[in-house]
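Take my numbering: the final residue in the sequence shown is number 924, and no numbers are missing along the way.
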Amino acid sequence: MYEIRQEQMNAFIQEREVVTMKELQTRFAQVSLMTIHRDLDALAAAGLITKVRGGARSVRHQGDLTFEVRSEENQTGKAKMAKKAAELVGGQASIFLDSGTSCLALARILPTTPTMAITTGPNIALALASVQGPAVTMCPGALNKENLTVSGHSTLQFLETINIDFAFLGVSGYGRGAGFTCGKESEMMVKRQVIKRARQTAVFCDEAKFHRLMPFTFATLEDIDYVITDKPPSEVFVEMAQGAGVTVL
């Protein structure tokens, strides 16, 4: 019986490419969460899928995880990073919040001091609009439904007209030789444009991102001012950051 269920689970994941634990619990409601985890372990051991925090993905899927999956990952760590980031916001006239779950966590606790908040994330714009705080500017562009971000030519054109005091960016991975990386070229171009327009830039890089590399580099340590983490990074990374004049929080 379990073999049939695992075949069905694998087929479900291969069809969707990325699924959340909630989706798996709904699809296989007849078994417990622990059983689902055991089935995923078996499929991962067979090389068919990859388990990720908050769900699973097909081994064919090499891009960024969906926003829904990422929103379930490391919620405690994101809350810690958001609290650190909020302490940097005071005294800034305009800030930029990248799309992504770490920036969403910051948006929910953002101090009221900035007069303007700019974002490429529609859900982040709504989070900012739901509480008393700064004026909210939503960047134009083509919406990626999987990770809830806008990008493209109109986004880049718009950012050319904006002056940013402090930018907060999410990352998908970091490599010593590659720098800070993301999964899509269009989003890489937006992040680079934001860094160019910002007086200061901070990136959110939780522990898992230090062990992951994505195709497109948007920044090196020399391009940013702060790295905000959930756990202390390696001594080697801290030394490299200090050598580049970067503060690690």
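Every residue, glycine too, gets a C-beta built ideally from N, C-alpha and C.
Check: Just the Cα atoms here: how many angstroms apart are P797 and G850?
Finding: 29 angstroms
Margin query: With a threshold of 6 angstroms on Cβ separation, who are the neighbours of P809 within its own chain once the five nearest residues in sequence on each side are excluded?
Written below: P789, T790, M791 and A792
Check: Tell me which same chain residues have a C-beta within less than 8 angstroms of the C-beta of I870, skipping the five on either side of it?
Finding: A842, L844, T876, F893, A894, D898 and I899
Checklist line | Sheet register partners of Y849 (DSSP bridge) | finding: Beta-bridge pairing links Y849 to F855.
Check: How should K884 be labelled, buried or exposed, when 16 other C-beta atoms within 10 angstroms of its C-beta is the threshold for buried?
Finding: buried
Margin query: With distance defined between alpha-carbon atoms, name the residue in G775, L772 and P786 nearest to G766.
Written below: Taking each of G775, L772 and P786 in turn and checking the Cα distance to G766, the smallest one comes out for P786.
Next item on the list: May I ask which residues mark the beginning and end of the alpha helix (DSSP H) holding A800?
Entry: P797 to A804
Item checked: DSSP-derived helix/strand/coil call for V825 -> strand
Item checked: Contacting residues, own chain, Cβ-Cβ under 8 angstroms from M915 (five flanking each side not counted) -> R851 and L896
Next item on the list: Using only alpha-carbon positions, find the residue among T751, T922, L699 and A721 that is nearest to H712.
Entry: L699
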